[in-house]
């Protein structure tokens, strides 16, 4: 199916919706609250009371989103028990984790993110970007629902962690809207608004816009490149249209667009590898080469590892001499940006065929594009004085290199990533088509849904990025701008593309034996396929190694010995070995000569069996067993280990939901769960045979078997109509039970050893044992003519958790691979309808006590000598002013 056909189909649907605007009106239903004040959710693809749904769910309405200052995806995790985020590459590229099930680089998401019932536009580049909503999508919503546990029966893609559902406000019959402005520290400025226009009885539209900008909180002290990192700068727009074609036929179309342009993320160097420390800090037992599960020692630091460790030590000394703070960094990369653009059009047609049958069709098309240039570890290296020699001798890298001493202080850049003009690190289109038949028996005892799902995701050209290693480049995307002071630098040109096909058929039904006892059974069969193509190359640089012996060293590289040397070699030197020199890739004239295709496919059933019992209308008891799975994947970085298989999850849950009314009204929901995860996808450290010229690193492998259990509490209580408490709590006990690599063959690969980057007996990454959120809101007893004044205070506690088990827990007294327990205090004061006017005024502050802690720990500690962390948000505060108009 071509892009043109897909776009034409959607445009025809939109056009048909807009041609009929004079038919009789169709009744509208709210998706957030019923007339009795009950919270309405769509966790089972139909509108139901929250208290009637046997699923652990946390729900936020738009007012709660505003009061908690939730603007982007990472903000949501602060307030939601069981929900964490992987921020290794910054908040705009963060991925979600629920109940400890994480997405690693290049793997499929463990948590599906859905906007108006449609999954986020897919992407696969070099990081975890894409597969979610764009920046700004949290504006003008009906609610956000966080579903915990596998949701592979009724939702588009199979996931093991859960799903996040964003429900936008739907056009209504009222002429209404608002405009809101925010100003805060770090020069934060945000302007957002919405307008609802009922153009006819049967035709309504709604427009929402959000413009948000803030300076970065990570200050770059090098004087080179951006002045700060971790900034915010996005534009978001949404257009919605409802056409009631007949009393029984409705067409609902949404177009939303997001563009974010920032300086990208920056990390803080907090420590360096010691050249005298030869072993992995986590290796507490002697290494047995005969044990496939043993953790091998890291060899003594030498070569480029020694270079990195000592360059890092010099940088750390500079930071300390300047008195740098926790949010000060130093990067000598002269550029840095992260541009993310995505849009999506969603067309939903609902036909009430009869009193017992509803036919629903949901079709979408969207595109995602990413361009990025960044310093991978936020470094500013220069040649160190190695053991008092006055510099660094090339023979420390390899005895085969010339005997040349590069003077101490010679600047270079470690790993910088860039992209050529007009190309993208990741660019993907996604088309989805879902048909649902929602039915109910005449007597009302049996109801359910059955349907089919199609998803086609296609590349928009080649995913292309250039990485400069051990060079001194103005722009790695332009090799002519690069000097090669160490004579070993090169530019790696990544060129890949991926086709994804995800299809499924599903059915789920609930039979009510009595008004109190019901059984739900659902199943889905999913077919997943990935086809990948790679033609990545390395671009040789001047001076070449052959010229190194005669090059003048001690100052600038001689004229004429900069830029590319004209050679292009296949990056995969194992499948495409050189014929002119050992341990190098094939010399080619065109990257297509390095091209290769790989395919990974699977098909699996998932299911849910749920029994629920309501002894009274205000009490729901339930027990559930569900099977979930996450598809395998492809990554071309490691020849012979490019593919991995699906992982499987079995979940067992029991829960209770209770509601109460009177002087104290509210609800109390509790869930207990036990998870068994097999064929777990984890990172494995790999060591290559030096004779192949292939670099080691990390690969995704299926080697884990884990279990986790815990409990979740979600509660709310309103006392005397003026004091409200909202509580969320999760207890999570996770454990990696077994790491078995005996089934992973290294035959036919360039690798000689593989070691899981996890430890049996340890908990999952990003999985705090305790996470609690408590919000107290007091409404002052003002006369109604003065408006409503609320004072809200939120306390969140997150216990210690791993971000990277392969890194030390702390370095130089600062948290590293294990984030310590963190307590955050947030405050919100809101005055709605000030003095009886249509104006709302609010003040907010987050992280009031200025807690300093890492959102993510070091990842390059063992391979490059640098230990860096990603500091979480400092204290943020500001004021909001909102003007409401219409009904």
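Residue numbers (the numbering used here): 5 to 891. Here a beta-carbon is modelled for each residue, glycine too, at the ideal position from N, C-alpha and C.
Go ahead and pull the three-state DSSP assignment for residue 210.
In the three-state scheme derived from DSSP, where H, G and I count as helix and E and B as strand, residue 210 is classed as strand.
Can you find the residues in the same chain that come closer than 6 angstroms, C-beta to C-beta, to residue 532, ignoring five residues on each side of it along the sequence?
Here the set comprises 506, 606 and 635.
Top-ranked residue by Cα proximity to residue 485, from 310, 434, 502 and 546
Ranked by Cα distance from residue 485, the first of 310, 434, 502 and 546 is 546.
Answer with buried or exposed for residue 119, where buried requires no fewer than 16 other C-beta atoms within 10 angstroms of its C-beta.
Under this definition residue 119 is a buried residue.
Please give the ranges of any alpha helix (DSSP H) in the stretch 54-114, keeping only runs that are unbroken, at least 4 residues long and fully inside the region.
Runs of the alpha helix (DSSP H) lying entirely within the stretch 54-114 and spanning at least 4 residues, in chain order: 66-71 and 77-83.
Rounded to whole angstroms, what is the Cα-Cα separation between residue 609 and residue 511?
Roughly 12 angstroms separates the two Cα atoms.
Give the straight-line distance between the Cα atoms of residue 232 and residue 219, rounded to the nearest whole angstrom.
The alpha-carbon atoms of residue 232 and residue 219 are separated by roughly 7 angstroms.
Under the three-state reduction of DSSP, which class applies to residue 877: helix, strand or coil?
Residue 877 falls in the coil class under three-state DSSP.
Do residue 176 and residue 200 have their CB atoms nearer than 8 angstroms?
It is a contact, given that the beta carbons lie within the stated cut-off.
My guess is that residue 779 and residue 730 are in contact by the Cβ rule of under 8 angstroms, so how many angstroms apart are they, rounded?
Yes, residue 779 and residue 730 are in contact; Cβ-Cβ is about 4 angstroms, under 8 angstroms.
Near residue 239, what residues of its chain come up, given a Cβ to Cβ distance below 6 angstroms and the 5 sequence neighbours on each side ignored?
Excluding residues within five positions, the ones whose Cβ falls inside 6 angstroms are 215 and 263.
Across which residues does DSSP place residue 390 in a beta bridge pair?
Residue pairing by DSSP places residue 390 opposite no residue, since no beta bridge is assigned to it.
Option in 573, 469, 751 and 94 with minimal Cα separation from residue 265:
Among 573, 469, 751 and 94, the Cα nearest to that of residue 265 is on 94.
From the DSSP output, in three-state form, read off residue 527 for me.
It is a strand residue.
Alpha carbons only, please: which of 143, 115 and 92 is nearest the one belonging to residue 100?
Selected option, being the one with the closest Cα: 115.
From residue 282 to residue 313, what does the alpha carbon distance come to, in whole angstroms?
In this prediction, residue 282 has a pLDDT of 36, which is less than 50 and means its spatial position is unreliable; nothing more can be read from the coordinates.
Nonlocal neighbours in the same chain, by C-beta distance under 6 angstroms from residue 477, ignoring five residues either side
For residue 477, where only same-chain residues beyond five positions count, the Cβ hits under 6 angstroms are 485 and 486.
On the criterion of 16 or more Cβ atoms from any shown chain inside 10 Å, does residue 883 qualify as buried, or is it exposed?
Residue 883 should be labelled exposed.
Among residues of its own chain, excluding the 5 on either side of residue 191, which ones have a beta-carbon nearer than 7 angstroms to its beta-carbon?
Its chain contains 218 and 219 as the residues whose beta carbon lies nearer than 7 angstroms to that of residue 191, once the 5 sequence neighbours on both sides are disregarded; these appear in chain order.
So residue 783 is in the beta strand (DSSP E); what residue range does that whole segment cover?
Run containing residue 783: 774-783, per the beta strand (DSSP E) assignment.
Tell whether a beta-carbon distance below 8 angstroms holds between residue 642 and residue 686.
Not closer than 8 angstroms, so no.
For residue 136, which beta-bridge partners are listed by DSSP?
Bridge pairing for residue 136: absent [DSSP].
Environment of residue 723 [buried if 16+ CB atoms lie within 10 Å]
Residue 723 comes out exposed.
Taking DSSP as the reference, what is the three-state secondary structure of residue 121?
DSSP places residue 121 in coil when its eight states are reduced to three.
Three or more C-beta pairs closer than 8 angstroms, one from the stretch 137-148 and one from the stretch 61-74: is that the case here?
Yes, the stretch 137-148 is in contact with the stretch 61-74.
Can you list, in chain order, the residues of its chain whose CB lies under 7 angstroms from that of residue 446, leaving out five sequence neighbours each side?
Closer than 7 angstroms at Cβ, skipping near neighbours: 360.
Name the one or two DSSP bridge partners that residue 190 has.
For residue 190, which the question treats as bridged, DSSP gives no partner whatsoever.
Check whether the stretch 347-365 and the stretch 848-861 are in contact - that is, three or more C-beta pairs closer than 8 angstroms.
The answer is no - the stretch 848-861 does not touch the stretch 347-365, with fewer than three Cβ pairs under 8 angstroms.
Does DSSP classify residue 583 as helix, strand or coil?
For residue 583, the secondary structure class from DSSP, reduced to helix, strand or coil, is coil.
Boundaries (first-last residue) of the beta strand (DSSP E) holding residue 236
Counting along the chain, the beta strand (DSSP E) containing residue 236 begins and ends at 236-250.
Between residue 489 and residue 868, what straight-line distance do the alpha-carbon atoms span, to the nearest angstrom?
C-alpha separation (whole angstroms): 18 angstroms.
Count the other CB atoms, across all protein chains shown, that sit within 10 Å of the CB of residue 603; report buried if there are 16 or more and exposed otherwise.
Within a 10 Å sphere around the beta-carbon of residue 603 sit fewer than 16 other beta-carbons, which makes this residue exposed.
Count the other C-beta atoms from every protein chain shown that fall within 10 angstroms of the C-beta of residue 799, then say buried if there are 16 or more, exposed otherwise.
Residue 799 counts as exposed, since fewer than 16 other C-beta atoms from the protein chains shown sit within 10 angstroms of its C-beta.
Within a Cβ cutoff of 6 angstroms, which residues of the same chain sit near residue 548, ignoring the five residues on either side of it in sequence?
Cβ within range, chain order: 569.
When the distance is taken between beta carbons, is residue 715 closer than 8 angstroms to residue 670?
No. Outside cutoff.
For residue 423, which three-state DSSP category applies?
Looking at residue 423 - three-state DSSP - the assignment turns out to be coil, as it is neither helix nor strand.
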